[in-house]
Amino acid sequence: MNSGFSKEVYDAAREYVWMLTKGYPQKASLKMVGDKFMLSRDMRQVLYRGISSEISAAERMKKLGSISKGDLVLVDTYNVLFTVNNYLLGKHLFISNDGMYRDAGEMRGRIINKPVFARTVSLLLELMKEYAGSSFMLYLDEPVSHSGRLSKELQKEMVQHGIKGEALTVKSPDYMLRHERSDAICTSDSAIIDHYTGRVIDLPREILDRYFQPEIPSLIM
Amino acid sequence: MSTVNTKRTGAVFILLISIQIILAQDPYFRLKDINNQWKEYDDLKGSSMTVIDFWATWCQPCVRSIPLLNDIAQEFADRGVRFIGVSIDGPRNQSKIAPFIQSMGVTYPVLRDLNSELMSDLGVTAVPTLLIYGADGGQLYFHEGFRPGDEVLIRQHIEEHLEQ
Numbered sequence: 030m031n032s033g034f035s036k037e038v039y040d041a042a043r044e045y046v047w048m049l050t051k052g053y054p055q056k057a058s059l060k061m062v063g064d065k066f067m068l069s070r071d072m073r074q075v076l077y078r079g080i081s082s083e084i085s086a087a088e089r090m091k092k093l094g095s096i097s098k099g100d101l102v103l104v105d106t107y108n109v110l111f112t113v114n115n116y117l118l119g120k121h122l123f124i125s126n127d128g129m130y131r132d133a134g135e136m137r138g139r140i141i142n143k144p145v146f147a148r149t150v151s152l153l154l155e156l157m158k159e160y161a162g163s164s165f166m167l168y169l170d171e172p173v174s175h176s177g178r179l180s181k182e183l184q185k186e187m188v189q190h191g192i193k194g195e196a197l198t199v200k201s202p203d204y205m206l207r208h209e210r211s212d213a214i215c216t217s218d219s220a221i222i223d224h225y226t227g228r229v230i231d232l233p234r235e236i237l238d239r240y241f242q243p244e245i246p247s248l249i250m
Numbered sequence: 000m001s002t003v004n005t006k007r008t009g010a011v012f013i014l015l016i017s018i019q020i021i022l023a024q025d026p027y028f029r030l031k032d033i034n035n036q037w038k039e040y041d042d043l044k045g046s047s048m049t050v051i052d053f054w055a056t057w058c059q060p061c062v063r064s065i066p067l068l069n070d071i072a073q074e075f076a077d078r079g080v081r082f083i084g085v086s087i088d089g090p091r092n093q094s095k096i097a098p099f100i101q102s103m104g105v106t107y108p109v110l111r112d113l114n115s116e117l118m119s120d121l122g123v124t125a126v127p128t129l130l131i132y133g134a135d136g137g138q139l140y141f142h143e144g145f146r147p148g149d150e151v152l153i154r155q156h157i158e159e160h161l162e163q
């Protein structure tokens, strides 16, 4: 749904990548390029979430893969849901320079529109149904409101649809993704991806490409 | 066996009639506008067609679609086509709606679906979503998202249904 970014954003992104690759501090670099190219708050956020140093981006990109039959997949559920949800709400979505679909991070942790969120959840279930041979562990952050109820609903739906796995409310999905046994993980959290040695699945990308064929602007240059 | 079939055929027929009645019903609703005045669908609907556009102030595709819809609204105004904008902005964003409308130059009425009730009633689960209703209240068109060129499609649909 989103068109590409302006020339200023791409010029800023190029300088920002260069600075990160040379080891300049992230915050100071972002402020410098943001001020130089007079970027809006939103666009600074896009760079902050979408640009990594060349080395980090390449390392993460190598880990991107797809779900295979029999996989045990651990899902950072809100991380996936909020990205898809933000797309349906018409918010900025982009392909980061590490190849993952990300949003500008607005409204994360808050369900601002129930009908849209309900559809987001049903899209996730729909996709998991497609991978009948795999198991999914859906982890939901305990601090997010209504997580307990949502995990119960997800669990019920998973059983009804014959999706193998569980939906659990946990204190820290990050911890689970880092420490539980798995064949693949679904998150766009850079810190988790950097720590993980196995396959990383871009589930929002799978959902959006399959059901919407969106035109997502890319920061891969 | 034949009694069972007859009963089944009868049930299917009743179901189809019910669906037709539901589809032919006006999307009746009552919402407040940006001046906090209650507005009813019946007061705003067009004599030949009504276009309802769901949007939000934060929605990037909406920002691109609204000026084009504004043009289409003006183009078809004298042919009984009326546009209604519905903002789905929540309580935190209410103050942004009026300046947004002004900056977009919206000429048609805009209502506020503060609790997403109308969205739920009409089966809207993304923004922007555009729905077209005929004079009899039947839904003629349902369009999600907005890409360049969609305005041509929307215009075509309106034209086609006006000619019918």
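Protein chains in written order, with the working numbering: chain G, 30 to 250; chain P, 0 to 163.
Glycine is no exception: its CB is placed at the ideal position from the N, C-alpha and C atoms.
The structure presented is a predicted model; accordingly, all values stated were derived computationally and were not measured.
Under the 8 Å Cβ criterion, the stretch 109–128 of chain G does not count as touching the stretch 40–49 of chain P, having fewer than three qualifying pairs.
In this structure, aspartate 88(P) and isoleucine 100(P) do not form a Cβ contact; the two beta carbons are roughly 11 Å apart against a cut-off of 8 Å. Within chain P, the C-beta atoms nearer than 8 Å to that of arginine 148(G) come from Thr124, Ala125, in chain order. Looking at the DSSP output, arginine 148(G) shares a beta bridge with no other residue.
Per DSSP, tryptophan 37(P) is one residue of the beta strand (DSSP E) stretching across 37–39. Cβ contact annotation for leucine 139(P) (same chain, cutoff 8 Å, sequence separation greater than five): Met48, Ile131, Tyr132, Gly133, His156, His160, in chain order. The C-alpha of glycine 52(G) is placed about 42 Å away from the C-alpha of serine 151(G). The shortest C-alpha to C-alpha distance from valine 80(P) to any of Trp37(P), Val126(P), Leu30(P), Gly136(P) is the one to Gly136(P). For glutamine 59(P), at least one C-beta of chain G is nearer than 7 Å to its own C-beta. Of the residues assessed, glutamine 59(P) falls on the buried side of the cut-off, its CB having 16 or more other CB atoms within 10 angstroms. Within chain P, the C-beta atoms nearer than 8 Å to that of asparagine 142(G) come from Ile87, Gly89, Ser115, Met118, in chain order. With a threshold of 16 other beta carbon atoms within 10 Å, aspartate 120(P) falls short and is exposed. With distances taken between CA atoms, asparagine 34(P) lies nearest to Gln93(P) out of Gln93(P), Ile153(P), Ser102(P), Gln163(P). A contact between stretches requires three or more CB pairs, one per stretch, nearer than 8 Å, and the stretch 144–162 of chain G meets this requirement with the stretch 110–124 of chain G. Sequence-distant partners of arginine 210(G) (beyond 5 residues in either direction) whose C-beta falls short of 8 Å from its own C-beta, in its chain, are Leu101.
Proximity of glycine 138(G) to chain P, defined by a Cβ-Cβ separation below 7 Å, is not satisfied.
Per DSSP, the beta-bridge partners of methionine 48(P) are Val80(P), Gly133(P). Spatial neighbours of phenylalanine 75(P) in its own chain (CB-CB distance under 7 Å, excluding positions within 5 residues in sequence) are listed in chain order as Ile157. Ranking Glu88(G), Arg228(G), Lys36(G), Arg234(G) by CA distance to the CA of methionine 67(G) puts Lys36(G) first. Residue-level contact by beta carbon fails for valine 75(G) and chain P, as no gap is shorter than 7 Å. Using a CB distance cut-off of 7 Å, leucine 117(G) counts as an interface residue toward chain P. Taking CB atoms only, valine 113(G) has no neighbour in chain P less than 7 Å away. By the criterion of a C-beta distance shorter than 7 Å, leucine 117(G) is surrounded in its chain by Val145, Arg148, Thr149, once the five residues flanking it on both sides are discounted. For tyrosine 130(G), the three-state secondary structure derived from DSSP is strand. DSSP places glutamine 155(P) in the helix class (H, G or I) of the three-state scheme. In this structure, the CA atom of lysine 143(G) is about 11 Å from the CA atom of alanine 125(P).
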